[in-house]
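Be aware that the sequence shown starts at 0, since it is given in numbering that gives the first Met the number 0, and climbs by one per residue. Where a beta carbon is used, it is the ideal one built from N, C-alpha and C, also for glycine.
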Amino acid sequence: MKKKWILLAIVAVSTCLLGVKAVAASSVNDYIIKNNVTPAGETLSLGRIYNQNPNKNGGINMDYTDGKPKMVIIHEVGVDGGSINGSIDYMVRTQDSAFVHSFVDGSQLITIADKVKKSWGSGQWGNNYGIQIEQMRVTTSGAFYKQIATLAKWTADQLIKYDMGAPKLMSSPSSVQRNDLSIKPDGNLASHKMIAYKFNQTTNHVDPDEYWARFGYNMNQFRDLVEYYYNQLGTPKINSTSVEGNPATGNFKVRVKTSGGVSSVSVPIWSNANGQDDLTWYPATKVKEGEYLATFDGANHNYESGAYSVHAYAYSGTKSTATNVSSTLQVGYPSTPSVHYQTHVQDMGWQQSVIDGETSGTVGQLRRVEALKLAVTGNVSGGIQYKSHVQDVGWQTSVSNNALSGTTGKSLRVEAIQIDLTGNLKSQYDIYYRSQIQDRGWLGWAKNGESSGTQGLSLRLESIQVKLVKKGAAFDTEGEAFLDSILSVTYQTHVQDKGWQYSVRDGAVSGTSNQQLRLESIKIGLDNVAFNKLTGGIQYQTHIQDRGWQNSVSNKAISGTTGQSLRLEAIRINLTETVAQNYDVYYRVHVQDKGWLGWAKNGDSAGTQGLGLRMEAIQIKLLKKGTTFDVGGQAFIVPELVVSYQTHIQDVGWQTAVKDGETSGTLGESRRLEGLKVKLANIAANNLTGGIQYQAHVQDIGWQNPVSDNAVSGTTGQGLRLEAIRINLTGTLAQNYNIYYRVYVQDKGWLGWAQNGASASSQGLGLRLEAIQVKLIKKGIVFDVGGSAFAVLDDKPTPTPPPSPTFPTPSFSLTGVNDTQKAWLNSIYPSAQKLAKENDLFPSIMVSQAIAESAWGQSELATNANNLFGVKADASWKGYKYKAWTTEVVNGQTIKVQADFRKYNSQAESLTDYVTKIRTTMNGSAYRYQGVWRSNARTYQNAAQALKDGGYATDPDYPKNLIDRIVKYRLDTLD
């Protein structure tokens, strides 16, 4: 065992090495310190200031507030020339108006008033707290250096003598304020200007700023110089020490409270069983003025249990003091096994050890782990062994039980690790561990000697987590733990006004969002194809504004344009050869006004065509064949095929065109149709050919020749009725769609639907057509034609269906609501209003909830899952699910949790599902939300509260927020 005099020797060395804290940048301070400018001593010339005596000043109390000075206040005389003695004589003569304690010039400092009593130099507040000193103006740099050195050392003397603490400037505004004179000082050093500005005395007092500015000096630099002397002059004192935490678990800190200008504190600790072999000097962190905290780390002592010795040392300049905290501090560790580990990090050194799943290393700081140590404590025999894969070295030999694995001082990154248990510990526990890797983030968990990290990718390991888990316990490894030169997709985009972006990989976003900037071109490549013993590559083509689909390119060639201000609108990507046999490529795009679309796959189109919308960002992923992947919705949007038509009506003329099953004509007015025009829009945008043809049977004329594309069939101005029509499609349109149409006939009403060129008519009966409806239906979709499309003499009239209910247009108040939000509201409120009224609910409540839960239709759930109400996917939900983070209030605390939410095919489906939830959810034998029903609630305010009471939301302010939103936007006009 080594003698404890070793500790004293180390103390001596440590003391010699301690330097004085460097001051802030200042040429004045630098000169004073480097040239060892000697401050002048203080000369006492007391007895001439009688106004400190209440018996001679009219009974004025000259004691400081709280009995002693709390700060030093710096003045200067404000005039050039003159001598220090002349200024003192003048102040003695005029002391009934003002006086200070001391004067300083370029060679001497003279004190004329007792510093334990107040002076009259800076107004009521400053006089109550401060020792005050006046500077003479000097003209040379040498004299100024001497004056400032003298003033700073003297100020430090006062701070120490009257126990004011380390120098700290009081707070002060940059312009005059009127603050309460009762406030206490928040610093112990001030200029006359700082006092004057803070308490609105005058703007004339700006000393010593203007004088000091001649020499490029200011109060912040002066404070630094005072601190320099304070640290040299202070006699360190340890007032108390305490051990905090739980030494019995190896988790404790040592708190040291000091005074006397302490600059640093160290706490040496060693285990008594080892003498001083494990002596570790713990630097204590300053937690506040005069208080320091040192944290024990069992890794420095090989997790030794037993008695420890703890000392504390405080330093000030070349002075130090020490005390014994404990000679028999019992340190131990729990009997249940725990894994301890620490990492050596680039530019930071060894980190504090952590335990059982905590993170060691850094996250987001781009620093490599260079070495690590691991150990296990507890009452199970056995240990831990581990090894590292190091840059340019490869796999090292295994080490165990707190030994170093990796390197230090060589700037080499650890890239991967393997960890395993030994002895009985291995038979009872599994060891899990995972790595956080440069550009990859956290990988999955490895286990019992498996590799964690990367190899062959030149990526640094940045942090680790390690856990002991009982044999047989469930554990989610959360994905792949080790990457061995994986096949990766990399891509970069050329963005409007920004140019080429940095290359990203494997699902990262390339491009921008919410900046209204177009993608103009893209390059895509595959990395590590040959390394993974594959052949082939990646091909891609883009759809460009005004140019359409371009030819395919491959392997990091440019698809698109640069310098031509043309937007990308859509993209197709596919793999080739054996890469395509083993992998799928998924990709999705962020589109102007649409946000993120769903994922396309293996050559499918992603984006839009025919809508004039720019692509703004893209994500691309490679997945092994057979991997389940949620594509998340529609990946490619084209303008809908729209059939529109208009009729010429007796005594009315041409009506406005209608579309897709709407009625053109009149009902119940006995007016004949005389002419018809029909057209199809967006054929080419849907990659189709052909068009639409139609012909009319006209009174006294018969069947006319077919016409197409909005030409007139029938007559105008001849008073002749239409009696029948035929409509058919051509080209690939006819191969993919059916055209259905029906007519409203005089005395017969609506007939059934005809299709694809069949007659819809009253031919031969002399009956007029009064209205028409036309629909385009995808082939394969079942359609109920509803009866005969051809009227005969004995047919009974088909009754006119009752009109759908209509509601007054609501009078919303949408001040502050942007155009996107307004458009979304206008798109959903009619359906919401109709559904709510048909199901005994308040439309205002339904829309207010949709606004809140979906962020005006712009939330992640709304855009990616069409979920407007945050409805979660419980066990009863059989549809698609979408996983997202959500905020919940639990026991009064707001927390973030991840949950499964219902995913709908459309927002209309979300509205319908919401109504089903409110109308049918049971709570035992009762309906959970029956209090929300309009017939029960009576008012929307009661309905809002009933939602909370039924458990719809956990936020206690949920009802109030619903109601406030209804009032603000006048959503009650929907009711």
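{"Query": "Is S1017 helix, strand or coil by DSSP?", "Result": "Residue 1017 lies beyond the stretch modelled for the chain, which goes from 0 to 974, so this question has no answer here."}
{"Query": "State yes or no: is the C-beta of L188 within less than 8 Å of the C-beta of M169?", "Result": "yes"}
{"Query": "Of the residues Q364, V344, W349, which one's Cα is nearest the Cα of N976?", "Result": "Past the boundaries of the shown model lies residue 976; the chain is included only from 0 to 974, so the question cannot be answered."}
{"Query": "Only counting the same chain, and skipping five residues up and downstream in sequence, which positions put a Cβ closer than 6 Å to that of Q464?", "Result": "G356, T358, R433"}
{"Query": "Run the CB neighbour count on V330, radius 10 Å, all protein chains shown included, and call it buried at 16 or more, exposed below.", "Result": "buried"}
{"Query": "CB-CB under 8 Å to Q633, same chain, minus the five flanking residues each way: which ones, in chain order?", "Result": "L596, G597"}
{"Query": "So which of V286, V931, T37 has the shortest CA-CA distance to A942?", "Result": "V931"}
{"Query": "Starting from the N-terminal side, write out each stretch of the beta strand (DSSP E) that is 3 residues or longer and does not extend beyond the stretch 349-413.", "Result": "368-376, 383-389"}
{"Query": "Our contact map puts H339 next to A321 with C-beta atoms below 8 Å; I'd like the distance itself, whole angstroms only.", "Result": "Going by Cβ atoms, the distance from H339 to A321 rounds to 30 Å, so no, they are not a contact pair."}
{"Query": "Taking the alpha-carbon of F251 as reference, which of S262, K287, L328 has the nearest alpha-carbon?", "Result": "L328"}
{"Query": "Under a three-way DSSP split, which group does L596 fall into?", "Result": "coil"}
{"Query": "Here's the rule I'm using: 16 or more other beta-carbon atoms within 10 Å means buried, otherwise exposed. How should P955 be labelled?", "Result": "exposed"}
{"Query": "Consult DSSP for V870 and reduce its assignment to one of helix, strand or coil.", "Result": "coil"}
{"Query": "Where do the N-terminal and C-terminal ends of the alpha helix (DSSP H) with D296 fall, by residue?", "Result": "Note, D296: premise wrong, no alpha helix (DSSP H); not H, not E."}
{"Query": "Roughly how many angstroms separate the alpha carbons of Y229 and T421, rounded to a whole number?", "Result": "56 Å"}
{"Query": "Ends of the alpha helix (DSSP H) at I147?", "Result": "140-160"}
{"Query": "I'd like to know if the stretch 517-524 and the stretch 494-502 are in contact, where contact means that at least 3 CB-CB pairs between them fall below 8 Å.", "Result": "yes"}
{"Query": "With distances taken from CA atoms, which of Q544, T575, E414, R367 is nearest Q608?", "Result": "Q544"}
{"Query": "Does the stretch 265-275 come into contact with the stretch 300-307, if we say contact requires no fewer than three beta-carbon pairs (one atom in each stretch) closer than 8 Å?", "Result": "yes"}
{"Query": "Just to confirm, is the Cβ distance from I700 to L672 under 8 Å?", "Result": "no"}
{"Query": "Start and end of the alpha helix (DSSP H) containing D818?", "Result": "818-837"}
{"Query": "When the distance is taken between beta carbons, is I418 closer than 8 Å to N400?", "Result": "no"}
{"Query": "Provide the residue(s) that pair with M921 in DSSP beta bridges, ordered along the chain.", "Result": "Y926"}
{"Query": "By a C-beta neighbour count over all protein chains shown, 10 Å radius and 16 as the cutoff for buried, is L288 buried or exposed?", "Result": "Per the sequence presented here, residue 288 reads as Glu, with Leu not at that position. So E288 counts as exposed."}
{"Query": "Report all residues from its chain with a CB closer than 6 Å to the CB of L687; omit the five preceding and five following residues, and keep chain order.", "Result": "T731, L732"}
{"Query": "Between N219, A472, K895, which lies nearest to T886 when the distance is taken from Cα to Cα?", "Result": "K895"}
{"Query": "Please report the Cβ distance between S909 and N866, rounded to the nearest whole angstrom; I am assuming they are in contact, meaning their Cβ atoms lie under 8 Å.", "Result": "6 Å"}
{"Query": "According to DSSP, is M614 part of a helix, a strand, or is it coil?", "Result": "strand"}
{"Query": "Any contact of the stretch 100-109 with the stretch 81-90, i.e. 3+ C-beta pairs under 8 Å?", "Result": "yes"}
{"Query": "What are the complete beta strand (DSSP E) segments, minimum 3 residues, inside the stretch 697-753?", "Result": "721-728, 736-744"}
{"Query": "With a cut-off of 8 Å on the beta carbons, I'd call I738 and Q754 a contact; round off their distance for me.", "Result": "6 Å"}
{"Query": "DSSP on A757, reduced to helix/strand/coil?", "Result": "coil"}
{"Query": "Jot down the residue ranges of each uninterrupted beta strand (DSSP E) in the stretch 427-470, minimum 3 residues, whole runs only, in chain order.", "Result": "428-436, 450-454, 460-469"}
{"Query": "Quick one, which of W702, L675, H696, V706 has its alpha-carbon nearest G690's?", "Result": "V706"}
{"Query": "Exposed or buried, what is Q514 when buried is set at 16 or more other beta-carbons lying within 10 Å of its beta-carbon?", "Result": "exposed"}
{"Query": "Can you give me the start and stop residues for the alpha helix (DSSP H) that L946 sits inside?", "Result": "939-948"}
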